[in-house]
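Enquirer: Protein chains in written order, with my numbering: chain X, 1 to 278; chain R, 1001 to 1138.
In this text, a Cβ means the ideal position worked out from N, Cα and C, and glycines have one as well.
Before we start, here is the structure in question, set down as structure tokens.
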Amino acid sequence: MHLLSFAALLFSTSILAGLLGSLTGLGGGVVLVPVLVLIFKVDIHYAIGASLVSVIATSSGAAVAYVKEGLSNVRIGMFLEVATTVGALVGAWLTTHVTTHAIAVVFGIVLLYSAIGSFRQAKDHEAPEAADALATKLELAGSFPTPDGPVAYTARRVPAGFAVMFGAGTLSGLLGIGSGAVKVLAMDQVMKLPFKVSTTTSNFMIGVTAAASAGVYLSRGYIDPTLAMPVMLGVLAGSLIGTHLLMRMKVSTLKMLFATVIVALAGEMIFNGVTGRI
Amino acid sequence: MRDETAPPKKSSRFSDQDLENEVATMLRIGVTLSALIVLAGGLWMFRQPHRAVPELSHFHAVEPALQSFRGVFAAAFRHAPGQSRGIMQLGLLVLIATPVLRVALCVVGFARQRNWLYVAVSAVVFLVLLWSLLPAAA
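Here's what the structure looks like:
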């Protein structure tokens, strides 16, 4: 195949991945690695290298839109980044020490979890009955704008949330993904933060988390620029288009379709990992 | 950067929203710059006479020059085969540096708020990131 057609095919596939990823809130990275590995027959190490840089690009590129809404919480994000960056270092170290079969199987499981998690309702929690002492000490609180005026919130169960974030960082470093689904789980389900605060703060954190494994990936030769160029530019373009479309689109059918694709990719990753083909 | 038409704030203190706006601007500059460099390297690559699709189905790690900061800079500015790959990799380094600078900006922002607890928290994250980049700095 010619270099130009190779790049053009990767670029258009990545636009689609970025577009669907941002429309459904699942992120582009989560389908990139299986698509590169299963369809383009790229070695999983190069695939996670290209995915990781794409994740940094989309997280940073989309942050501009979220900040305008005033929903993300810079203090909660920074505090939890202590856990995710250390976790990412552990994950990146693991990547260089476990077999590709194991990576493929873990990847498949995370894909399944992301697909299921995308159907969780954006239901907000009732106001906390009493402030959490640790959350107060760490100033893990804030307020977000609603049509009825600002609504205040405080984080709960800080140590548990911190621990889940460490896990999210490890998965990010191991698989070259943003692991937004696990980050949202930590903030929304464990720390009982409002859903929108959780998703926007998670997006903000993804770039910093991913940057923490980039040094290991780069020095191990996982980041191939000829592969990463069309992938990163495509995912970035796709996700920016998606963010703009999101304002005026109903995505429930699309979400169902995309989740079905993800489940199929997950099955394929697990099967290939278990049978030793990846 | 800040909206001049917005109603005056109750205090002149540097707020969380001010900090987030600055961070967002910085991220946008970093991503735009990175994408432009990567794109320039890609276009340069397509103009080369010897264009081969890299062998990516088996892992053998990219050339050592593209595995460290110093090597990438050398490759990007040396007019030799592989320069286009060096330029694209340099663009990716700018991308990787963007979140690191974002955290550094937060250290400064929290200092302006006199929030020493969060100066310390963001300094810890910054140090973890610097430490994580050590293998590529060697």
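Between the region 67 to 92 of chain X and chain R, which residues of the former have a C-beta closer than 7 angstroms to a C-beta of the latter?
Expert: V67, G70, S72, V74, R75, M78, F79, E81, V82, T85, V86, L89
Enquirer: Provide the residue span of the beta strand (DSSP E) that contains X:T154, from first to last.
Expert: 151 to 154
Enquirer: Between X:A57 and chain R, is the shortest Cβ-Cβ distance under 8 angstroms, so that the two count as touching?
Expert: yes
Enquirer: From X:S118 to R:V1128, what does the alpha carbon distance come to, in whole angstroms?
Expert: 31 angstroms
Enquirer: Who are the near neighbours of X:S72 in its chain, counting only those whose CB is closer than 6 angstroms to its CB and skipping five residues on each side?
Expert: Y66, T200, T201, F204
Enquirer: List, in chain order, every chain X residue whose beta-carbon is nearer than 7 angstroms to that of R:A1061.
Expert: R220, G221
Enquirer: According to DSSP, is X:A141 helix, strand or coil?
Expert: strand
Enquirer: Indicate whether X:V35 and X:A17 have their beta-carbon atoms separated by less than 8 angstroms.
Expert: At the C-beta level, X:V35 and X:A17 come within 8 angstroms of one another.
Enquirer: Considering only residues of the same chain and omitting the five flanking positions on each side of R:G1030, which have a CB-CB separation below 6 angstroms?
Expert: T1098
Enquirer: Among X:L218, X:V158, X:S198, X:S172, which residue has its Cα nearest to the Cα of X:T286?
Expert: Missing from the structure shown is residue 286 of chain X; chain X here goes from 1 to 278 and no further.
Enquirer: Which residue's Cα is closest to the Cα of X:T136: X:P145, X:R156, X:T146, X:D148?
Expert: X:R156
Enquirer: Return the chain-ordered ranges of every alpha helix (DSSP H) run that is complete within the region 1036 to 1092 of chain R and spans a minimum of 4 residues.
Expert: Whole alpha helix (DSSP H) segments, 4+ residues: 1069 to 1077.
Enquirer: Apart from the five residues just before and just after X:G281, which ones in its own chain have a Cβ nearer than 6 angstroms to its Cβ?
Expert: Missing from the structure shown is residue 281 of chain X; chain X here goes from 1 to 278 and no further.
Enquirer: Buried or exposed for R:P1007, please, with buried defined as at least 16 other CB atoms from any protein chain shown within 10 angstroms of its CB.
Expert: Caution applies to R:P1007, whose pLDDT of 46 falls short of 50 and renders its modelled position unreliable; the model cannot decide the point.
Enquirer: Label R:V1108 either buried or exposed according to how many other C-beta atoms from any shown protein chain fall within 10 Å of its C-beta, with 16 as the threshold for buried.
Expert: exposed
Enquirer: Indicate whether R:A1074 and X:L218 have their beta-carbon atoms separated by less than 8 angstroms.
Expert: No, these two residues do not count as a Cβ contact at 8 angstroms.
Enquirer: I'd like to know if the region 1039 to 1049 of chain R and the region 1070 to 1086 of chain R are in contact, where contact means that at least 3 CB-CB pairs between them fall below 8 angstroms.
Expert: yes
Enquirer: Cutting at 7 angstroms between CB atoms, please list the residues of its own chain near X:G77, excluding the five before and the five after it.
Expert: Cβ-Cβ distances below 7 angstroms link X:G77 to T201, F204, M205 in the same chain, with the five nearest sequence neighbours on each side left out; the list follows chain order.
Enquirer: So X:G167 is in the alpha helix (DSSP H); what residue range does that whole segment cover?
Expert: Residue range 158 to 175 is occupied by the alpha helix (DSSP H) that includes X:G167.
Enquirer: Do three or more CB pairs link the region 7 to 15 of chain X to the region 225 to 244 of chain X at distances below 8 angstroms?
Expert: Between the region 7 to 15 of chain X and the region 225 to 244 of chain X, the count of Cβ pairs shorter than 8 angstroms is three or higher; the stretches touch.
Enquirer: For the region 198 to 210 of chain X, list every residue whose C-beta sits within 7 angstroms of some C-beta in chain C, in sequence order.
Expert: Here the protein chains are X and R, and chain C is not one of them.
Enquirer: From X:A264 to X:G176, what does the alpha carbon distance come to, in whole angstroms?
Expert: 20 angstroms
Enquirer: Apply the 10 Å Cβ neighbour rule to X:E81 and answer buried if 16 or more other Cβ atoms are within range, or exposed otherwise.
Expert: buried
Enquirer: Kindly say whether X:L4, judged by its beta-carbon, lies nearer than 8 angstroms to any beta-carbon of chain R.
Expert: For X:L4, the answer is yes, since a Cβ of chain R falls inside 8 angstroms of its Cβ.
Enquirer: Check the Cβ of X:G215 against every Cβ in chain R and list those closer than 7 angstroms, keeping chain order.
Expert: Simply S1132, L1133, L1134, P1135, A1136.
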